[in-house]
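> The opening position of the sequence shown corresponds to residue 2 in the numbering used here, with each subsequent residue numbered one higher.
Beta carbons: idealized from backbone N, C-alpha and C, even for Gly.
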Amino acid sequence: MTLGSALLLGLYDVAKKQSLKRNGVLWVLLAATALSALIMSPFLSKGSVTEHLSLVFKAILVTISWISGMVGLKLLPITTVSTLKASRPFFVVIFSIILFGESLNLWQWGGVALALLALTLLSISSKKEGIRFKSNAGFFAMVISILAGVASALYDKHILYEMEPLFVQSWGNVYITVLLAICVLSKAIIDGPKREKFHWDWMIVLISVLICSADALYFFALKQDDALLSVISLVRRCSVVVTFVMGAILFKENKIREKSIEMLILLVAMGLLVYGSSI
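1) Suppose contacts are defined by Cβ-Cβ distances below 9 Å. Is LEU117 in contact with LYS75 by that definition?
2) Anyone know if the C-beta pair for ILE177 and VAL72 falls short of 9 Å?
3) Helix, strand or coil for PRO78 per DSSP?
4) Among THR81, LEU115, SER46, which residue has its Cα nearest to the Cα of PHE141?
5) Between which two residues does the alpha helix (DSSP H) containing LEU161 stretch?
6) Thinking C-alpha only, which one of TRP28, ASN106, VAL57 is nearest CYS184?
7) For VAL50, is the classification buried or exposed, using 16 other Cβ atoms within 10 angstroms of its Cβ as the cut-off for buried?
8) Helix, strand or coil for GLY111, going by three-state DSSP, please let me know.
9) Assuming LEU181 and LEU30 are in contact, meaning their beta carbons sit under 8 Å apart, how far apart are those beta carbons, in whole angstroms?
10) Please state if the CB of CYS239 and the CB of LEU273 are separated by a distance shorter than 9 Å.
11) Spatial neighbours of LYS224 within its chain, please: C-beta separation below 7 Å, excluding the five flanking residues on both sides.
12) Quick one: residues in its chain with C-beta nearer than 6 Å to the C-beta of THR3, no 5 flanking neighbours on either side, listed in chain order?
13) Is GLU263 helix, strand or coil by DSSP?
14) Mind listing, in chain order, the continuous alpha helix (DSSP H) runs of no fewer than 4 residues lying wholly within the stretch 27–89?
15) Check TRP203 in the structure and name its three-state DSSP category.
16) Using the Cβ count rule (16 or more neighbours within 10 Å means buried), how would you classify ASN174?
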């Protein structure tokens, strides 16, 4: 299920990049999420106040991650974005050390070292494209997206102990839609007559179908009794390989050879982290 989710998630990222050619970030997210909420509406069911408050908090994390991720996707090459997103499991390990005082074995430290090497190489190759991470808004947006995504993944594992996957997904989409609508309305008021207009794009339907399917597979995988978040997180991040390959083919981006090496190093790093966690 996680492999299937990874494949669909990779195609979802490519579809999002394509849709940004016609509409702004917030409009794409609102339209796609509203349609996703409609698709998942048959699975809406009653829940306690506590459960709904938990899903509102999850919606806030997801909204932050999605908006900042779309900003990064708009400002950076998709191959750079996919490589950065591959580092997400690495940040899970780092925060485990900082917040929970976890210690790493030799294999895990090797994974951390390789991840740092890959991110350093990505910074160097990006400079050749005129992208400087220290002063690039797209890079900082991706950092925010990754950190919010890590928090959301950890929270998913927590709430799925007591909630059913379809309950989480259906109501989560509703609350994310409400938050995005508030963001769009606020921006429209601030922008006034210069506000962005929405242009219908059938790509939005594809985005909605892909994310609904990818999330459903992910939540059901995470719900399994023997599911390991670290393993699921890594396998799901393999979606960046699909994004990277499709991005290289469709968008004809630069420095593909260098980024391919960085991507491979990151995937090996993630593999070492998971292997170290299992011994």
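Concretely, from the data shown:
1) no
2) no
3) coil
4) THR81
5) Taken as a continuous stretch (DSSP letters only), LEU161 belongs to no alpha helix (DSSP H), as it is neither H nor E.
6) TRP28
7) exposed
8) helix
9) 5 Å
10) no
11) LEU161, PRO166
12) ALA222, ILE233, VAL236, ARG237
13) helix
14) 50–76, 79–86
15) coil
16) buried
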